[in-house]
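*Asks:* Sharing a structure, written as structure tokens. Questions coming.
Chains as they are written, first to last, in the working numbering: chain A, 138 to 489; chain B, 138 to 489.
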């Protein structure tokens, strides 16, 4: 791996303590590069950053309409959620609409991502289950898709193994990912994701292209274009569902609504659709750091790309230039987008 | 910051997903470089990796003897512990020996580092306090030093503000750090650590030198040399106290005893004394990652530097070349020292 530029730096006092390297691609729906920093041709595993693309068949198939999925339910189908009570209830409700329960989930179990939710669960003497898995909404969406493909009769048996690359459900999901990115996934390096579905390594610029298509509808089939619009609307109306308390995606989309549709993925990947400008964004931090690095870069990109009112502008600046405090609340340093990254992003020009 | 070499790589399936860059310095007690990879002249904040150096005055002052501190108590004075019940009890016991309680601690509060300990605390309806802070043992050690310097009469008032650079207690601690590293800390960049004491940026090779001195006693004052030996012995006898359940430092020192005295610090720093070879080791990962990166490098260094029996050899290999599994227990990839790092470390030659 070539050394990508430093995009984020952590200072303690006034001295550099740590730094994060990475690459950023911004592409329009024609596939033209709007902005590229670092190696944007390298194939990266997008992980959870492409959940919206993986949810396109849920809407395009008619499953969402047939099961009367709500905005919250469509949003959580695209989520890496905190495992808070509202997330668990929403994912459970989707399964019930398909006549299933949590036993049908094949995502595995982990404690809630939000520490407070874990402590509340423990204080009630309960243990975590698959509904607390950050991917439970995505998997509930897969099972709703399975319901539309097969019907309720024998659904549990039909759905079993839905995480496998060869299953009919995953075939639909992978086809949508391939159509949106324009990459032949049969030829792509493949790995297994944290929740057991396949993840395909895709050039960063192609991930950005897919989100430019999500932003504009251009380059997608009519059914996928309508599905993308519906999912973006649902996320904008229920941004809590896509992440949760204190999370970047939730806070940014609560502030900006449909102007940004962003999604974090594991290992320092971030994707976003920016409908105002018709652009897609894809970020990969070399070291795989999300909270410390990819989020800071995404905040700086949004600041440079969009015209923001004072409130959202202040929020985004607090996410791209963070004051670091210690356990006593003392200011000990900062975490920020590098001046070099900001200078480069200035080339995006004035937002419309 | 120059791009240091990639020392650790994370693979998903057979494809590279993420990578960690960093620098490694191994130095002997004469200050000669035994091994250097990356920029070992750059000053880095050592954070908690130098807690043993900061505990030298606790022993050298006679405080440890006067208060009859046990091996466990001396070990936790050098610890970044998990906040497990035994850690909390040990730190509390030290404070009691000095006639103080947890109110005297100025480290701040956070929930235990071990998730299971947090859940147990929450299940009992309790909240975290300063004794759960991973630094509580180090701070209890500072307060025991304060007791030796001032006596019990009016100790609470004397000790107040002991975390400040200008306090007499911190003066002793800083002087020990300066003597061990040979660096004029009055001229060094200074920051505030997570627990509110000062942290000084020190060239990586000088940190390695300090630990070569800890390994050999050479270059330290007689009192500090005796203190270093006593602390290394205490840690080897009570390695649980220095970290806790499942932690690298505890597992490695349970297996290797006094042959390794290693300590993690925040932001991807790791230091170790290797008495078998008379060497000190200092590692800094550029991106500040500990669990994913600095630990892997330290394991590879120990493997290359020491002659290991089959059991410890297998343990170390499991820490330098890790199988990654997902929430369903499926193998999804690996995290490992790069072949280039292993090749370079081969130059250390056959262990004695």
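Even glycine gets a Cβ: it sits at the ideal position worked out from N, Cα and C.
All values reported here derive from a predicted model rather than from experimental measurement.
Does DSSP put residue 375 of chain B in a helix, a strand or coil?
*Replies:* Taking the second chain and counting its residues from 1, one reaches residue 375 of chain B at position 238. Three-state DSSP puts residue 375 of chain B in coil, outside helix and strand.
*Asks:* Go to residue 470 of chain A, then tell me how far its beta strand (DSSP E) extends in each direction, as first and last residue.
*Replies:* Translated into the one-based positions of the first chain, residue 470 of chain A becomes position 333. First-last of the beta strand (DSSP E) with residue 470 of chain A: 468-474.
*Asks:* In the structure shown, what three-state DSSP assignment does residue 267 of chain B receive?
*Replies:* By 1-based counting over the second chain, the position of residue 267 of chain B is 130. In the structure shown, residue 267 of chain B sits in a helix (DSSP, three-state: H, G or I).
*Asks:* Which residues of the region 138-157 of chain A have a Cβ closer than 8 Å to any Cβ of chain B? Give them in chain order.
*Replies:* Cβ contacts with chain B: 138, 140, 143, 147, 149, 150, 151, 152, 153, 154, 155, 156 and 157.
*Asks:* Just by C-beta distance, which residues in the region 240-258 of chain B are closer than 9 Å to chain A?
*Replies:* Residues passing the 9 Å Cβ filter: 243, 244, 245, 246, 247, 248, 252, 255, 256, 257 and 258.
*Asks:* Excluding the five sequence neighbours on either side, which residues of its own chain have a C-beta within less than 8 Å of the C-beta of residue 190 of chain B, listed in chain order?
*Replies:* Along the second chain, one-based indexing puts residue 190 of chain B at 53. These residues qualify, in order along the chain: 313, 314, 317, 318, 347 and 351.
*Asks:* Which word fits residue 460 of chain A, buried or exposed, when buried means at least 16 other C-beta atoms lie within 10 angstroms of its C-beta?
*Replies:* Sequence index remark: in the first chain, residue 460 of chain A carries index 323 (1-based). Under this definition residue 460 of chain A is an exposed residue.
*Asks:* Would residue 193 of chain B and residue 364 of chain B be called neighbours here (beta carbons separated by less than 8 Å)?
*Replies:* Residue mapping note: residue 193 of chain B aligns to position 56 of the second chain, counting from 1. Residue mapping note: residue 364 of chain B aligns to position 227 of the second chain, counting from 1. Yes, the Cβ-Cβ distance between residue 193 of chain B and residue 364 of chain B is below 8 Å.
*Asks:* Name the chain A residues that come within less than 7 Å of residue 467 of chain B, Cβ to Cβ?
*Replies:* Taking the second chain and counting its residues from 1, the one referred to as residue 467 of chain B is at position 330. Those within 7 Å of residue 467 of chain B in chain A are 329 and 333.
*Asks:* Which residues mark the beginning and the end of the alpha helix (DSSP H) in which residue 276 of chain B is found?
*Replies:* Translated into the one-based positions of the second chain, residue 276 of chain B becomes position 139. From DSSP, the alpha helix (DSSP H) with residue 276 of chain B extends over 273-287.
*Asks:* Please name the residue or residues paired with residue 461 of chain B in a DSSP beta bridge.
*Replies:* As a first step, residue 461 of chain B is located in the second chain; it is residue number 324 there, counting from the start. According to DSSP, residue 461 of chain B bridges with B:470.
*Asks:* If the cut is a Cβ gap below 8 Å, which residues of chain A does residue 302 of chain B touch?
*Replies:* As a working mapping, residue 302 of chain B is identified with position 165 in the second chain. The contacting residues do not exist; residue 302 of chain B stays about 12 Å from chain A at best.
*Asks:* If we count the other Cβ atoms within 10 Å of its Cβ and call it buried at 16 or more, is residue 222 of chain B buried or exposed?
*Replies:* To locate residue 222 of chain B, count along the second chain from 1; it is residue 85. Residue 222 of chain B should be labelled exposed.
*Asks:* Counting Cβ pairs closer than 8 Å, one from the region 356-376 of chain B and one from the region 418-429 of chain B, do we hit at least three?
*Replies:* Verdict: no, contact absent.
*Asks:* Residues of the region 170-183 of chain A in Cβ contact with chain B at a cutoff of 7 Å, in chain order, please.
*Replies:* The residues in question are 182.
*Asks:* Run down chain A in chain order and give the residues with a C-beta less than 7 Å from the C-beta of residue 423 of chain B.
*Replies:* Locating residue 423 of chain B in the second chain gives position 286, where the first residue counts as 1. Going along chain A in sequence order, the residues near residue 423 of chain B (Cβ under 7 Å) are 155 and 156.
*Asks:* With DSSP as the reference, label residue 243 of chain A as helix, strand or coil.
*Replies:* Here residue 243 of chain A refers to the residue found at position 106 when the first chain is read from its first residue. Looking at residue 243 of chain A - three-state DSSP - the assignment turns out to be coil, as it is neither helix nor strand.
*Asks:* Using 10 angstroms around the beta-carbon of residue 139 of chain A, count the other beta-carbons present and answer buried if the total reaches 16, otherwise exposed.
*Replies:* On the first chain, position 2 is the one that residue 139 of chain A refers to. Counting Cβ neighbours within 10 Å, residue 139 of chain A comes out exposed, since fewer than 16 surround it.
*Asks:* Out of A:201, A:297 and A:330, point me to the one whose CA is closest to residue 184 of chain A's CA.
*Replies:* Position 47 of the first chain, counted from the first residue, corresponds to residue 184 of chain A. It is A:330.
*Asks:* Closer than 8 Å between beta carbons: that is the criterion. Which residues of the region 376-407 of chain B meet it against chain A?
*Replies:* Residues 404 and 405.
*Asks:* Check this for me: beta carbons of residue 274 of chain B and residue 227 of chain B, under 8 Å apart or not?
*Replies:* Locating residue 274 of chain B in the second chain gives position 137, where the first residue counts as 1. Locating residue 227 of chain B in the second chain gives position 90, where the first residue counts as 1. Their beta carbons are under 8 Å apart, which means residue 274 of chain B touches residue 227 of chain B by this criterion.
*Asks:* Scan the region 265-281 of chain B for residues whose Cβ lies nearer than 9 Å to a Cβ of chain A and list them as they occur along the chain.
*Replies:* For the region 265-281 of chain B, which is checked against every Cβ of chain A, the residues closer than 9 Å are 267, 270 and 272.
*Asks:* State the Cα-Cα distance for the pair residue 381 of chain A and residue 293 of chain B, rounded to the nearest angstrom.
*Replies:* Along the first chain, read from residue 1 onward, the residue named residue 381 of chain A stands at position 244. Along the second chain, read from residue 1 onward, the residue named residue 293 of chain B stands at position 156. Going by the C-alpha atoms only, they are around 43 Å apart.
*Asks:* Does the separation of the CB atoms of residue 328 of chain B and residue 149 of chain A fall below 8 Å?
*Replies:* Start at 1 with the first residue of the second chain, and residue 328 of chain B comes out as number 191. Start at 1 with the first residue of the first chain, and residue 149 of chain A comes out as number 12. The answer is yes: Cβ separation under 8 Å.
*Asks:* Which same chain residues, not among the five before or five after residue 197 of chain B, have their C-beta less than 7 Å away from its C-beta?
*Replies:* Within the second chain, numbered from 1, the residue matching residue 197 of chain B stands at position 60. For residue 197 of chain B, where only same-chain residues beyond five positions count, the Cβ hits under 7 Å are 360, 361 and 364.
*Asks:* Would the beta-carbon of residue 375 of chain A fall within 8 Å of that of residue 212 of chain A?
*Replies:* As a first step, residue 375 of chain A must be located in the first chain, where it is residue number 238. As a first step, residue 212 of chain A must be located in the first chain, where it is residue number 75. Yes, the pair counts as a contact, with Cβ atoms nearer than the cut-off.
*Asks:* Counting only runs of 4+ residues fully inside the region 300-375 of chain A, write out the alpha helix (DSSP H) ranges in chain order.
*Replies:* Counting whole runs of 4 or more residues, the region 300-375 of chain A contains the alpha helix (DSSP H) stretches 305-318, 341-353 and 359-374.
*Asks:* Going by DSSP in three states, residue 422 of chain B sits in which element: helix, strand or coil?
*Replies:* By 1-based counting over the second chain, the position of residue 422 of chain B is 285. Here residue 422 of chain B sits in strand by DSSP.
*Asks:* At 8 Å on the CB atoms, spell out the chain A contacts of residue 464 of chain B, in chain order.
*Replies:* On the second chain, residue 464 of chain B is found 327 positions in, with the first residue counted as 1. Going along chain A in sequence order, the residues near residue 464 of chain B (Cβ under 8 Å) are 244, 245, 246, 247, 270, 331, 332 and 333.
*Asks:* Identify, in the order they occur along the chain, each residue of the same chain with its Cβ nearer than 8 Å to the Cβ of residue 246 of chain A, setting aside the five sequence neighbours on each side.
*Replies:* Position 109 of the first chain holds residue 246 of chain A. If we look at residue 246 of chain A and ignore the five residues flanking it on each side, its Cβ neighbours are 265, 266, 267, 269 and 270.
*Asks:* So, does the CB of residue 260 of chain A fall closer than 8 Å to a CB anywhere in chain B?
*Replies:* For the purposes of this step, residue 260 of chain A is taken as the residue at position 123 of the first chain. Answer yes: the Cβ-Cβ gap between residue 260 of chain A and chain B drops below 8 Å somewhere.
*Asks:* Given that residue 426 of chain A touches chain B, what residues does it touch there, using C-beta distances under 8 Å?
*Replies:* In the first chain, residue 426 of chain A corresponds to position 289, counting from 1. By Cβ distance, chain B contributes 424 and 426.
*Asks:* Would DSSP call residue 165 of chain A helix, strand or coil?
*Replies:* By one-based count along the first chain, residue 165 of chain A stands at place 28. Strand at residue 165 of chain A.
*Asks:* Taking the alpha carbon of residue 464 of chain A as the point to measure from, which residue in B:302, B:249, B:333 and B:177 has its own alpha carbon closest?
*Replies:* In the first chain, residue 464 of chain A corresponds to position 327, counting from 1. Checked all of B:302, B:249, B:333 and B:177; the closest Cα to residue 464 of chain A is B:333.
*Asks:* For residue 422 of chain B, which residues of its own chain have a beta-carbon under 6 Å away from its beta-carbon, when the five flanking residues on both sides are left out?
*Replies:* As a working note, residue 422 of chain B is residue 285 in the second chain. Same-chain partners within the cutoff: 157, 159, 405, 430 and 431.
*Asks:* Tell me, please, which residues DSSP counts as bridged to residue 175 of chain A.
*Replies:* In the first chain, residue 175 of chain A corresponds to position 38, counting from 1. DSSP, once it has assigned bridges, lists no residue as partnering residue 175 of chain A.
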